[in-house]
Amino acid sequence: MKTIAVIVAGVILATTPLSAAELSPQVRATAAAGRLNLEMRKSLIPSIQKNGLTGSMDVCAKEAPAIMAGLEKTFGLTMKRTALRLRNPANSPDVAEKALLEKLAGMQKGEETLPQEVTLFSETESGKERILRYYKPIMMQGPCVGCHGTPDKIPAEVKKVLAARYPKDKAMGYKEGDLRGIISITVKEKIPEGEFKK
Ligand code: HEC
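Here the sequence shown is numbered in the numbering used here, starting from 204 and rising by one per residue.
1. Confirm the yes/no value for this check: CB of Y369, any heavy atom of ligand 1, distance under 8 Å.
2. Tell me the rounded alpha-carbon separation between K373 and R290.
3. Here's a check: name, in chain order, each residue in its chain whose Cβ is nearer than 7 Å to the Cβ of F278, leaving out the five neighbours to either side.
4. Does the stretch 311-322 come within contact of the stretch 259-269, defined as at least 3 CB pairs closer than 8 Å?
5. Going by CA-CA distance only, name the one from E242, I386, M243, A367 that's closest to P340.
6. Closest to C347 by CA distance: which of D261, E379, G397, T281 is it?
7. Taking the alpha helix (DSSP H) that S295 falls in, what are its first and last residues?
8. Regarding L405 and ligand 1, is the C-beta to nearest heavy atom distance less than 8 Å?
9. Three-state secondary structure (DSSP) at E266?
10. I think G384 touches A286, with their Cβ atoms under 8 Å apart; what is that distance to the nearest whole Å?
11. Counting along the chain, where does the alpha helix (DSSP H) carrying I248 start and finish?
12. Output yes if chain B places a C-beta closer than 9 Å to the C-beta of P358; else output no.
13. Which value, in whole angstroms, describes the spacing of the CA atoms of L382 and E300?
14. In this structure, does DSSP put S325 in helix, strand or coil?
15. To the nearest angstrom, report how far apart D297 and R284 are at their CA atoms.
16. Taking the DSSP output, what are the residues bridged to V390?
17. Could you give the distance in angstroms between the alpha-carbon of K205 and the alpha-carbon of P228?
18. Excluding the five sequence neighbours on either side, which residues of its own chain have a C-beta within less than 7 Å of the C-beta of M343, listed in chain order?
19. Measure the CB-CB distance between Y337 and I388 and report whether it falls below 9 Å.
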């Protein structure tokens, strides 16, 4: 029952701007990740239809960060998108993210089913804050291949724009269904004073 309640709350929060303060870190993280995916789908497909691929670069480059900044405020957390092979080096993974990305890539190589999400809890050194780290795999879908796909799927004019804008681009060569990266979310929560261990 608990899992169902969390999923329902996640779905509701993914579509309506409710106050998030009193919800658990897990629910807030799930909702933020769901909402990012939803908003990206809502932006990317119409933009590609209207402006073409070369006119849609900023959906991934500017809209995604803007959507994430809004979700960070709404849900009181920090979030980013990261991957092993990057287009923008500013999206580099930290040590924990890199380890998870390598693990997921290994699972995909071994044709194992990837988890929908990974959640880890820890405490800060002081013992006064609880930290939730939440990760959700980002999978390659149809609309992504024009800019992240194998060379035969990326039109010449898109290659030209990407080469000019991202000279060190490594975020190509993916097929639909491949792991592209992860959404990484951190939620910090104060531990009530009575529960301090030291
Ligand atoms: C119109 C081209 C275009 C399309 C289509 C596109 N992207 Fe991107 N993507 C980009 C660009 C440009 C960047 C670099 C963004 C930046 O400067 O931070 C990027 C960056 C990313 C990143 C951040 C990591 C990195 O490599 O810097 C992820 C994750 C990502 N894209 C996933 C996707 C997924 C999943 C889809 C399909 C749903 C998709 N993209 C569709 C152009 C595109």
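Glycine included, C-beta positions come from ideal geometry on N, C-alpha and C.
In this structure, then:
1. yes
2. 5 Å
3. For F278, where only same-chain residues beyond five positions count, the Cβ hits under 7 Å are A223, R231, A234, A235.
4. Between the stretch 311-322 and the stretch 259-269, the count of Cβ pairs shorter than 8 Å is below three; the stretches do not touch.
5. I386
6. The residue with the shortest Cα to Cα distance from C347 is E379.
7. For S295, there is no enclosing alpha helix (DSSP H), as DSSP gives it neither H nor E.
8. Shown here, the chain extends from 204 to 401; a query on residue 405 therefore has no answer.
9. helix
10. Cβ-Cβ separation between G384 and A286: approximately 3 Å, consistent with a contact (criterion under 8 Å).
11. 228-254
12. The structure shown contains no chain B; it holds only a single protein chain.
13. Between L382 and E300, the alpha-carbon positions lie close to 14 Å from each other.
14. Secondary structure at S325: strand, using DSSP grouped into helix, strand and coil.
15. 11 Å
16. L335
17. Any reading at K205 must be qualified, since the residue scores a pLDDT of 46, below 50, and its modelled position is unreliable; the value itself is stated next. Cα-Cα distance, rounded: 15 Å.
18. H351, Y377, K378, E379, G380, D381, R383
19. With respect to the 9 Å criterion, Y337 and I388 are classified as neighbours on the basis of their beta carbons.
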